[in-house]
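Accompanying notes for the structure given below.
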Amino acid sequence: MDDVFKALADASRRALLDRLHARNGQTLTDLCDGLAMTRQAVTKHLAILEAANLVATVRHGREKLHYLNPVPIHQIGERWIRKFERGRLAALGELKRKLEERDE
1 MDDVFKALAD ASRRALLDRL HARNGQTLTD LCDGLAMTRQ AVTKHLAILE AANLVATVRH
61 GREKLHYLNP VPIHQIGERW IRKFERGRLA ALGELKRKLE ERDE
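Numbering (full-length UniProt numbering), first residue to last: 1 to 104.
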């Protein structure tokens, strides 16, 4: 999980993940298009994302296609975000119930 947080800490890597979310299965050339980064920088960021299991690659002929792997992000949501939502959702549910009782 530490590798995932470290990978997500960088804005450039988050931008690459956003691009893959918008259109999955892109080549390095596709991902570099329109970015203010060198090809080498994009390659370095992709390697970090792959090491964190946030990006998976598949060779298709001479091309290497990059795909978003949403599982680690989902696990973060389950482990770190959802447990903090429970209390708030319970409080909102209780507030709704009390407001409805008052209106009756």
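Note that beta-carbon positions come from the ideal geometry of N, C-alpha and C, so glycine has one too.
Check, Outcome
"Residue from 94, 52, 95, 102 whose Cα sits closest to the Cα of residue 6", "52"
"Selected residue, minimal CA-CA separation from residue 25, among 64, 102, 49", "64"
"Element boundaries [alpha helix (DSSP H), containing residue 82]", "82 to 103"
"Under 7 angstroms between C-beta atoms of residue 13 and residue 49", "yes"
"Complete beta strand (DSSP E) runs within the UniProt domain \"HTH arsR-type\" (1 to 88) (minimum length 3 residues, chain order)", "55 to 60, 63 to 68"
"Residue 20 versus residue 10 - alpha carbon distance", "16 angstroms"
"Spatial neighbours of residue 39 in its chain, beta-carbon cut-off 6 angstroms, leaving aside the 5 residues before and after", "32"
"Buried or exposed (CB count within 10 angstroms, at least 16 for buried), residue 42", "buried"
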